[in-house]
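Here the structure comes first, spelled out in structure tokens, and everything after it is commentary.
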Amino acid sequence: MIRVAVAEDNLLVREGIVHLLVATPDVEVVAACEDSDGLLEALGRRDIDVVLTDIRMPPSGTDEGIRLAVALRDTHPDVGVIVVSQHDDPAYALALFDHGSDRRGYLLKHRVHDRAQLATAVRSVAEGGSVIDPKVVEALVAAKTRGQASALTELTPREREVLSEIAQGKSNAAIAESLFLTKRAVEKHINAIFLKLDLAFADDVSKRVKATLLFLAEPEALVDG
Amino acid sequence: MTPERRSAGILTMVGSFAIMILINKHLADKVEASLQEVRRSRERILAVADEERRRIERDLHDGAQQRLVALRIKLELASERSAQAQLPDAELLHQFGEDVGEALDEVRSLAAGVYPALLVDCGLGEALRSVARRSATPVSVTAQDGRYPRQVEAVVYFSCLEALQNAAKHAGARSVSVVVTDDRDLRFEVRDDGCGFVVDRDDLGHGLTNIRDRLGAVGGTLQVKSRPGGGTRVAGTIPLRTLD
Chain A
1 MIRVAVAEDN LLVREGIVHL LVATPDVEVV AACEDSDGLL EALGRRDIDV VLTDIRMPPS
61 GTDEGIRLAV ALRDTHPDVG VIVVSQHDDP AYALALFDHG SDRRGYLLKH RVHDRAQLAT
121 AVRSVAEGGS VIDPKVVEAL VAAKTRGQAS ALTELTPRER EVLSEIAQGK SNAAIAESLF
181 LTKRAVEKHI NAIFLKLDLA FADDVSKRVK ATLLFLAEPE ALVDG
Chain B
1001 MTPERRSAGI LTMVGSFAIM ILINKHLADK VEASLQEVRR SRERILAVAD EERRRIERDL
1061 HDGAQQRLVA LRIKLELASE RSAQAQLPDA ELLHQFGEDV GEALDEVRSL AAGVYPALLV
1121 DCGLGEALRS VARRSATPVS VTAQDGRYPR QVEAVVYFSC LEALQNAAKH AGARSVSVVV
1181 TDDRDLRFEV RDDGCGFVVD RDDLGHGLTN IRDRLGAVGG TLQVKSRPGG GTRVAGTIPL
1241 RTLD
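Chains A and B, in that order, give the protein sequences.
So for the first sequence, the working numbering puts the first residue at 1; every next one is plus one.
So for the second sequence, the working numbering puts the first residue at 1001; every next one is plus one.
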């Protein structure tokens, strides 16, 4: 059983998320709090594996969820944190992963109703992995396709398939499995994708885009490196 | 004319001059004071409008958006339950959920348009880059990650947004560049390669007048350079020291 604590200041949304999680067989909701103080108190009282927190909570109503995730890395290194956010802008997701990506997840609030995705995210983060809502990456890729037509059209159909798997947060092994490829072949495709995109991306966004894509492909490598 | 009378005449003249200078000085002071009051009231009006926008964004986020998120979850759960019980309503409930999702998207984009949370949380650079990502016309953004007084950030953000809209809507630009720099002043420049126009100082049109008003309220100035066929450059300068 994965023990989950939920922090969300809006009562209706909090109850909704709790109901979604309760209906998931391998998840147990052990605390539902309305702010970070309540959550910290719950962490002191109970054993918790994963915290699911809103990004925007009292008192400042800006990025409490991310600050909480950063603070917990020091005080509770074994606890996974999923930040639920209304922002599909990558700046927030990158701020969350700035301090390391293991045991961290970033989900969009308007897609939190997708119970399968929510459950997968909770499990991945509990196992030490990381999750980013594919919509955040899709938005980036869509912007790139509009802005610089050449960047993504250079990819072969196979490379596009691999990229879309990357965007869904899959590991190399999982991509290999779903596309019936060897792990080595997947690595080759990913290298080709980065090479092509890297050459074509504009200066001011290249680092961010690369970081997100690299992160999605090889979270472990990013943490170690 | 006797020397005495001449002296008296000069004295009267000097006296009148002195009085005129005093009156002038008094009038100039009055004008200066009124101007200052106008400047301050423009600043206040902008600050109030700005605060109001932020409040509406917060209300939309804390109210309508959260309710729709919660409703979406409820419909999804109800749809699942119906499917398990093999009731015919499952698909319909799921469809309702999708509809709520679309309403939620509309409210989100409305809230972001009223006042982008990204501007408050991460500053000008990130907020402008986000606009660029969403733009149908390719936009490059060069901006540091520095933070400035909230009102100044809002003026630059909404001015650039207005200029970008002009470039896309009226100029038919193929690409636009936005550059924000700061030395002692904060400067922005939006440059497009569109069709351009003849600049009429007295009638800048709605969009540019809006930018000029916003800039004026924080002591800033607007420069517009454009000519038919030669693209457009909209630039603004805001003094930073007076606003500390």
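All C-beta atoms in this analysis are idealised placements derived from N, C-alpha and C, irrespective of residue type, glycine included.
Closer than 8 Å, CB to CB, is residue i near chain A or not?
{"i": "P1095(B)", "result": "Before going on, a small fix: residue 1095(B) reads as Gln here, not Pro. It does not; no Cβ of chain A falls within 8 Å."}
{"i": "I1238(B)", "result": "no"}
{"i": "G1205(B)", "result": "no"}
{"i": "K1074(B)", "result": "yes"}
{"i": "E1126(B)", "result": "yes"}
{"i": "Q1165(B)", "result": "no"}
{"i": "Q1084(B)", "result": "no"}
{"i": "L1222(B)", "result": "no"}
{"i": "Q1066(B)", "result": "yes"}
{"i": "C1160(B)", "result": "no"}
{"i": "S1130(B)", "result": "yes"}
{"i": "C1195(B)", "result": "no"}
{"i": "G1101(B)", "result": "yes"}
{"i": "S1034(B)", "result": "no"}
Is the CB of residue i under 8 Å away from at least one CB in chain B?
{"i": "D89(A)", "result": "yes"}
{"i": "V162(A)", "result": "no"}
{"i": "I132(A)", "result": "no"}
{"i": "A67(A)", "result": "With the sequence shown as reference, residue 67(A) is identified as Arg, and Ala is not the correct amino acid for it. No, because no Cβ of chain B sits closer than 8 Å to the Cβ of R67(A)."}
{"i": "I17(A)", "result": "yes"}
{"i": "G61(A)", "result": "yes"}
{"i": "Q86(A)", "result": "yes"}
{"i": "L12(A)", "result": "yes"}
{"i": "I2(A)", "result": "no"}
{"i": "H76(A)", "result": "no"}
{"i": "H113(A)", "result": "yes"}
Assuming the contact rule is C-beta atoms closer than 8 Å, residue i and residue j should be a hit. Round their C-beta distance to whole Å, please.
{"i": "D1185(B)", "j": "I1238(B)", "result": "6 Å"}
{"i": "V84(A)", "j": "V112(A)", "result": "6 Å"}
{"i": "A91(A)", "j": "C1122(B)", "result": "5 Å"}
{"i": "G65(A)", "j": "T53(A)", "result": "4 Å"}
{"i": "L1215(B)", "j": "G1236(B)", "result": "5 Å"}
{"i": "V1180(B)", "j": "L1161(B)", "result": "Between L1161(B) and V1180(B) the Cβ distance is about 13 Å, and since that is not below 8 Å, they are no contact."}
{"i": "L1060(B)", "j": "L1110(B)", "result": "7 Å"}
Quick check on residue i: does DSSP put it in helix, strand or coil?
{"i": "F1197(B)", "result": "coil"}
{"i": "Q1223(B)", "result": "strand"}
{"i": "D250(A)", "result": "Residue 250(A) cannot be examined here, being either before or after the span of chain A that is shown, 1 to 225."}
{"i": "R103(A)", "result": "coil"}
{"i": "I48(A)", "result": "coil"}
{"i": "F1017(B)", "result": "helix"}
{"i": "G38(A)", "result": "helix"}
{"i": "R3(A)", "result": "strand"}
{"i": "S1034(B)", "result": "helix"}
{"i": "S60(A)", "result": "coil"}
{"i": "L230(A)", "result": "Outside the shown range of chain A (1 to 225) lies residue 230(A), about which nothing can therefore be said."}
{"i": "R1080(B)", "result": "The question names Arg, but residue 1080(B) is Glu in the sequence shown. Helix at E1080(B)."}
{"i": "S85(A)", "result": "strand"}
{"i": "L1011(B)", "result": "helix"}
{"i": "Q1065(B)", "result": "helix"}
{"i": "T1002(B)", "result": "coil"}
{"i": "S1135(B)", "result": "coil"}
{"i": "V1152(B)", "result": "helix"}
{"i": "L1245(B)", "result": "For residue 1245(B) there is no data in the structure shown, the boundaries of chain B being 1001 and 1244."}
{"i": "H113(A)", "result": "coil"}
Please name the residue or residues paired with residue i in a DSSP beta bridge.
{"i": "E1091(B)", "result": "Looking at the DSSP assignment, E1091(B) forms no beta bridge with any residue, so it has no partner."}
{"i": "S1140(B)", "result": "S1177(B)"}
{"i": "D1192(B)", "result": "V1176(B), T1232(B)"}
{"i": "P1239(B)", "result": "D1185(B)"}
{"i": "V137(A)", "result": "Bridge partners of V137(A): none, in fact."}
{"i": "C33(A)", "result": "A7(A)"}
{"i": "G80(A)", "result": "V50(A)"}
{"i": "V131(A)", "result": "G105(A)"}
{"i": "V27(A)", "result": "I2(A)"}
Quick one, which of the options has its alpha-carbon nearest residue i's?
{"i": "S1079(B)", "options": "L1071(B), D1089(B), A1070(B)", "result": "D1089(B)"}
{"i": "P1116(B)", "options": "S101(A), T62(A), D133(A)", "result": "T62(A)"}
{"i": "E1102(B)", "options": "D1059(B), R1042(B), D1202(B), Q1065(B)", "result": "Q1065(B)"}
{"i": "L1128(B)", "options": "L1092(B), E1189(B), A1070(B)", "result": "E1189(B)"}
{"i": "V1198(B)", "options": "G1063(B), I1021(B), R1133(B), S1226(B)", "result": "S1226(B)"}
{"i": "S171(A)", "options": "K188(A), D133(A), D9(A), G129(A)", "result": "G129(A)"}
{"i": "V29(A)", "options": "D35(A), S36(A), L20(A)", "result": "L20(A)"}
{"i": "L1204(B)", "options": "L1215(B), V1224(B), A1235(B)", "result": "V1224(B)"}
{"i": "V1141(B)", "options": "L1124(B), P1149(B), A1154(B)", "result": "L1124(B)"}
{"i": "I132(A)", "options": "A95(A), E161(A), A71(A), G16(A)", "result": "A95(A)"}
{"i": "D89(A)", "options": "S164(A), E34(A), P134(A)", "result": "P134(A)"}
{"i": "P1228(B)", "options": "T1209(B), D1105(B), G1219(B), A1173(B)", "result": "A1173(B)"}
{"i": "I1073(B)", "options": "G1097(B), L1119(B), L1022(B)", "result": "G1097(B)"}
{"i": "D1145(B)", "options": "V1152(B), L1071(B), E1126(B)", "result": "E1126(B)"}
Find the residues of chain E that neighbour residue i, judging by a C-beta separation of less than 9 Å, and give them in chain order.
{"i": "A139(A)", "result": "Absent here is chain E; the protein component of the structure consists of chains A and B."}
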